[in-house]
Structures are given as C-alpha cells and as structure tokens.
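Using my numbering, read the first sequence as starting at 20 and increasing by one per residue.
Even glycine gets a Cβ: it sits at the ideal position worked out from N, Cα and C.
Treat the numbers as computed from the prediction; the structure is a model and nothing was measured.
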Amino acid sequence: MRAGRIVEVEAYGGPEDRASHARSGRTARNAAMWGPPGSAYVYRVYGMHDCLNVVTGPSGTASAILVRAVEPLAGLERIRAARADHAPAGRRVVRADPGAVVARLARIPDVRLASGPALVAVAFSVSRSDDGADLLDPGGSLRLEAAPAGEPALAVAVGPRVGVAYAGEPWAGLAWRFWAAGHVSVSAGRGSAGR
DNA sequence: AGTTGGATGGTCT
DNA sequence: GACCATCCAACTG
C-alpha cells in the first residue's frame, strides 16, 4: 500500500473561470469535472504528464481541486519502484545513459518523491484510467481519506495558481493555491511560488 | 543556486 | 496551427 498526505492544492472552477479546463464548456476531456463530489478528474498535459484532481462541487457543476504535492508516508519502496518503472509517455528520444536515471532517482529524498502534480500521479500510479473514479469508496484502489483523528493541523499558506497567466485578470491573480506553509514536500518548479 | 530550452501530442481555435 | 494546471537536463555564475 502507498499513502501520503496532501500538502499542496489548487482550486479550479467552472466555465466562468478562464484558467479552468471547464472554460470551454463540457468536452470529452473535462467531462469528469461535472461529476459527483469526491470523484477523480485526471487529465494529460504537455502530451506526457497526467495530473490528479478531486471534484468538489455538486454533480452538474464543474469544479476540481488539483493535487499538486503529496508528502509520502507509506509504501516508499513501491513509490520508488513506480518512479523507476515510469516511462515518459510516447518519448522518442532515448536517454543517453539509463544508469544516470537510476542514480538521479536515488538522490531524491523520500519527502520529494511526489512534489509536483505529474509526480503525484507517477508516485501513486494514477492514470487517465482513473478518470471519474469514486475516491470516497472505502474499497477503491485509489482513495481520499480524512486525516487521522488528533493529527495536528498544518498552517496553510495561500497564493496565485501556477501556470495560468494566460487566463488574464482576475483569474490569474486569484489566491486559489493552498499549501502547507514551509513544508518540505511542496513543489518548487519554475512557475511555482515554492514553499 | 538559478535560469533556459527541449520534449510531446491531445485538444481547442 | 497554437497552446498547454510540467519536468528534466544542460547550461551559467
């Protein structure tokens, strides 16, 4: 079993949100965004990366929470195996030295194995076949669970969403990204504001 | 340590 | 035909 704690998310709305995939209305790609709360919306970006969202609004309305980073807590071996086995979708350019890839993965600390939206999907083997899945089903292979009772709450920082400048204002500037303040597992990409 | 460019193809214009 | 809710490698300093 693999498990982790979500430490960074972004909120996306319906057709009115110019940064949301729902901005062009309902299509085959984004149909899951109109699904019931607690279901998954999984999409592919840049032709190679899959990303996991949790639908939050009532059925018939579009919404999604993008899971941007997870702190791995259990199943580290399996998470590393998933990272090692992962072949970038459709890649044609062969890596010069496969050994270098293994060495690079070995240098990544446990806490940073799922520090990015596409990395979350790889670490937990989420793919587009999970699109529409019920994440609240206790028997499901991919589940969203409440934090254990008594676990101290994390301080939450807020800021603008990453990579949505094209949407223009007010959408690009909305502070709809939420992360655990100062947490090591938060993503730190180019467009990202970091921890 | 920080910055830049390449990969890649489905989706929408 | 252009864009894209990203990641990694290869640079520069």
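Beta-ladder partner(s) of W198, from DSSP: Taking the first residue of the first sequence as position 1, residue 198 is located at position 179. According to DSSP, W198 bridges with E27, A176.
Contact the segment 78–94 vs the segment 50–69: 3+ CB pairs below 8 angstroms: In this structure the segment 78–94 touches the segment 50–69; the number of beta carbon pairs closer than 8 angstroms is three or more.
Backbone CA spacing between T75 and L154 [nearest angstrom]: The sequence position of residue 75 within the first sequence is 56, counting from 1. The sequence position of residue 154 within the first sequence is 135, counting from 1. Spanning the two alpha carbons is a distance of roughly 11 angstroms.
Reduced DSSP secondary structure (H/G/I, E/B, other) of D129: Within the first sequence, numbered from 1, the residue matching residue 129 stands at position 110. In the three-state DSSP reduction, D129 falls in the helix class (H, G or I).
Element boundaries [beta strand (DSSP E), containing E96]: Position 77 of the first sequence holds residue 96. For E96, there is no enclosing beta strand (DSSP E); the residue is part of the alpha helix (DSSP H) that begins and ends at 95–104.
Proximity below 8 angstroms, CB of A22 to CB of G94: As a working note, residue 22 is residue 3 in the first sequence. As a working note, residue 94 is residue 75 in the first sequence. One thing to note: A22 has its Cβ within 8 angstroms of the Cβ of G94.
Nearest to G192 (by Cα), restricted to the options R102, P179, G201: On the first sequence, position 173 is the one that residue 192 refers to. By alpha-carbon distance to G192, the top candidate from R102, P179, G201 is P179.
Status (buried if at least 16 other CB within 10 Å, exposed otherwise) for A194: Here residue 194 refers to the residue found at position 175 when the first sequence is read from its first residue. Its Cβ having fewer than 16 others within 10 Å, A194 is exposed.
Rounded straight-line distance, which links the Cα of V183 to that of I25: Locating residue 25 in the first sequence gives position 6, where the first residue counts as 1. Locating residue 183 in the first sequence gives position 164, where the first residue counts as 1. Cα to Cα, I25 sits roughly 21 angstroms from V183.
In DSSP terms, what P91 is bridged to: In the first sequence, residue 91 corresponds to position 72, counting from 1. P91 is bridged to G23.
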